[in-house]
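Going by our numbering, the letters in the sequence shown line up with residues 2 to 313, in that order.
These notes are about the structure you will find just below.
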Amino acid sequence: MSAQKGRNEDRSYTDWMSQLPPELHNNPLHDLTIPEPDGLKKLSKIYCARKILYKWARTQEESILKQLDAGVRYFDLRIARKDNDPDPNRLYFYHGLLTQTDVETILRVMNAWAERHPKEILILSFSHFKGFVKRYEDQLHCHLINFIKTLFGAKLCKRSCWENGTNVIISYDYPANMHQEIWGKIPYYYGNSMDITKVETKLCRVLEKDRPYQCLFVCGLNLTLPEDHKILKYIFFRMWDNLAKVIERSLPRLLHWVSEQGAKTPMNIVASDVVTQDGFVATVVQLNTLKHGLSVSISVIETMVELRKYKI
2 MSAQKGRNED
12 RSYTDWMSQL
22 PPELHNNPLH
32 DLTIPEPDGL
42 KKLSKIYCAR
52 KILYKWARTQ
62 EESILKQLDA
72 GVRYFDLRIA
82 RKDNDPDPNR
92 LYFYHGLLTQ
102 TDVETILRVM
112 NAWAERHPKE
122 ILILSFSHFK
132 GFVKRYEDQL
142 HCHLINFIKT
152 LFGAKLCKRS
162 CWENGTNVII
172 SYDYPANMHQ
182 EIWGKIPYYY
192 GNSMDITKVE
202 TKLCRVLEKD
212 RPYQCLFVCG
222 LNLTLPEDHK
232 ILKYIFFRMW
242 DNLAKVIERS
252 LPRLLHWVSE
262 QGAKTPMNIV
272 ASDVVTQDGF
282 VATVVQLNTL
292 KHGLSVSISV
302 IETMVELRKY
312 KI
C-alpha cells in the first residue's frame with residue numbers, strides 16, 4: 002500500500018462536500034464528481050436456486066448509514082411493491098431481489114442524516130416501480146411523492162442547494178411527475194456487461210462524445226449480469242463466487258481507469274456496487290481538484306426533464 006493510499010483511507014469523507022475549497026462552492030452540481038453505490042427474479046421461484054440467486058444478486062456491502070458516512074451522496078433507489086402485501090401503500094427497494102426493509106424506514110434514516118449534515122447534498126433517484134399495477138399506479142406514486150415531500154420538507158432543493166437549508170435532491174422517473182420540488186430522470190450510463198474492457202469502452206464513448214452538458218449524469222462502474230440464459234454460467238457454475246466478489250476484484254482496475262479518464266474528460270456521478278472499499282470515494286472526490294473542475298460521487302440517478310443549474 003502506498004503512502005498516498007494510506008492517507009486517503011485515513012481521511013474521513015463524512016463531510017467531504019462542505020470541506021471542499023471555498024472556490025468550488027459555487028460550481029454547478031453537474032460540474033462536481035460524486036460517489037454512488039449500484040443490484041434475478043424469475044429464477045427466485047425455483048426453490049433450489051434461491052440461495053445461489055440471493056448470493057449473486059446481493060452487491061451492497063454496507064448499510065445506507067455507513068455508505069453515507071463513507072462519503073456516498075447519490076443513491077439509485079429502485080422501487081417495488083410486494084405481491085399480496087396487506088398494506089397497499091408499503092413499498093420496498095429492488096436490486097435484483099426485494100429488500101426486507103421498507104422504503105419509508107430507509108428514507109427516515111436518510112432524512113435524519115441530512116439534518117445532521119446540512120452542507121452535504123444527497124441525490125436520491127427513484128425509478129423502476131416494479132409491481133405498480135395499472136389500477137393502483139397513480140395512487141402509489143401519489144402516496145410515495147407526498148411522503149417524500151412531507152418527510153424532507155424544506156430540505157428539498159428546487160433551484161440551488163445550501164440555500165435556506167436545502168440539501169436533498171429527489172430525481173423521480175415518472176412521466177406524470179408535476180411537482181416543482183421533484184426533479185426528472187437523470188441519465189445513467191453503464192457498460193451492461195461482465196467484461197471490464199467493454200464497460201470502460203462504453204463509458205469512454207459516453208464521456209468523449211455523448212455526455213450531456215449542464216446536466217447531472219451517472220457513470221456506472223458496475224458489472225451487469227446477463228438477463229437471459231447466459232446468467233446460468235454464473236449462478237450455477239461458479240457457486241463459490243458471487244457478484245460482489247467479482248465487482249470487488251474488478252474495482253482496482255476500474256478506479257485506475259477513472260483516475261486516467263477523469264484527467265481528460267469531466268465526470269459527474271460515479272457509481273459502484275462496492276463504494277466503501279479500495280479507496281473508491283477518495284479516488285472520485287479527488288477528481289474535483291483536477292483542471293476540469295469538481296466531480297461528485299453519488300450512490301443511485303437518471304435524464305432531467307429540464308436542464309436546470311443547481312449550485313452547491
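Don't be surprised by glycine CBs; every beta carbon is placed ideally from N, CA and C.
Here the structure is a predicted model, which means the values were calculated and not measured.
| Item | Value |
| --- | --- |
| To the nearest angstrom, how far is the alpha carbon of residue 265 from that of residue 280? | 20 Å |
| May I ask which residues mark the beginning and end of the beta strand (DSSP E) holding residue 205? | Here residue 205 belongs to no beta strand (DSSP E); instead the alpha helix (DSSP H) covers 197–206. |
| Do you know how far the Cα of residue 195 is from the Cα of residue 201? | 11 Å |
| Do residue 186 and residue 132 have their C-beta atoms within less than 8 Å of each other? | no |
| Tell me, please, which residues DSSP counts as bridged to residue 221. | 191, 272 |
| Count the other C-beta atoms from every protein chain shown that fall within 10 angstroms of the C-beta of residue 126, then say buried if there are 16 or more, exposed otherwise. | buried |
| Secondary structure at residue 247, three-state DSSP: helix, strand or coil? | helix |
| Could you compute how far the alpha carbon of residue 174 sits from the alpha carbon of residue 67? | 26 Å |
| Any idea which residues DSSP pairs residue 370 with across the strands? | Since the displayed the chain opens at 2 and closes at 313, residue 370 lies outside it and no answer follows. |
| Buried or exposed: which applies to residue 136, given that a residue is buried once 16 or more other Cβ atoms fall within 10 Å of its Cβ? | exposed |
| Hey, out of 87, 169, 134, 199, whose CA is closest to residue 80's CA? | 134 |
| Could you tell me how far apart the beta carbons of residue 155 and residue 167 are, in whole angstroms, since I believe they sit closer than 8 Å? | 7 Å |
| Quick one: using the 10 Å Cβ neighbour count with 16 as the cut-off for buried, is residue 140 buried or exposed? | exposed |
| Count the other CB atoms within 10 Å of the CB of residue 257; is the residue buried (16 or more) or exposed (fewer)? | exposed |
| Assuming residue 259 and residue 285 make a contact with CB atoms under 8 Å, what is their CB distance in whole Å? | 7 Å |
| Please report the distance separating the alpha-carbon of residue 17 from that of residue 272. | 17 Å |
| Between the Cα of residue 246 and the Cα atoms of 289, 263, 234, 224, which residue gives the shortest distance? | 224 |
| Give me the DSSP bridge partner(s) of residue 94. | 80 |
| Does the beta-carbon of residue 147 have 16 or more other beta-carbons within 10 angstroms, so that it is buried, or is it exposed? | exposed |
| Return yes when the Cβ of residue 270 is within less than 8 Å of the Cβ of residue 207, no when it is not. | no |
| Going by other Cβ atoms of all chains shown within 10 Å of its Cβ, with 16 needed for buried, is residue 277 buried or exposed? | buried |
| Which residues in the same chain have their Cβ closer than 8 Å to the Cβ of residue 129, if we skip the five residues on either side of it in sequence? | 79, 80, 81, 95, 174 |
| DSSP three-state call for residue 103: helix, strand or coil? | strand |
| Check each candidate in 268, 182, 193, 251 and name the one with the smallest Cα separation from residue 217. | 268 |
| If we ignore side chains and look at the alpha-carbon of each, how far apart do residue 93 and residue 99 end up? | 6 Å |
| For a quick check, are the C-beta atoms of residue 348 and residue 121 less than 8 Å apart? | Since the first residue shown for the chain is 2 and the last is 313, residue 348 is missing from the structure and cannot be characterised. |
| If you draw a straight line from the alpha carbon of residue 171 to that of residue 213, how long is it in whole angstroms? | 19 Å |
| Quick check on the DSSP output: the alpha helix (DSSP H) that includes residue 1 runs from which residue to which? | Within the shown structure, residues of the chain are numbered from 2 to 313, placing residue 1 beyond reach of any answer. |
| Once DSSP output is grouped into helix, strand and coil, what is the label at residue 65? | helix |
| The beta strand (DSSP E) with residue 286 in it runs from where to where? | Unbroken run through residue 286 is the alpha helix (DSSP H), 281–287; no beta strand (DSSP E). |
| What does the alpha-carbon distance come out to for the pair residue 108 and residue 72? | 17 Å |
| Going by beta carbon distance, what residues of the same chain come within less than 7 Å of residue 112, once the five residues before and after it are set aside? | 152, 153 |
| Select from 210, 221, 250 the residue whose C-alpha is nearest the C-alpha of residue 193. | 221 |
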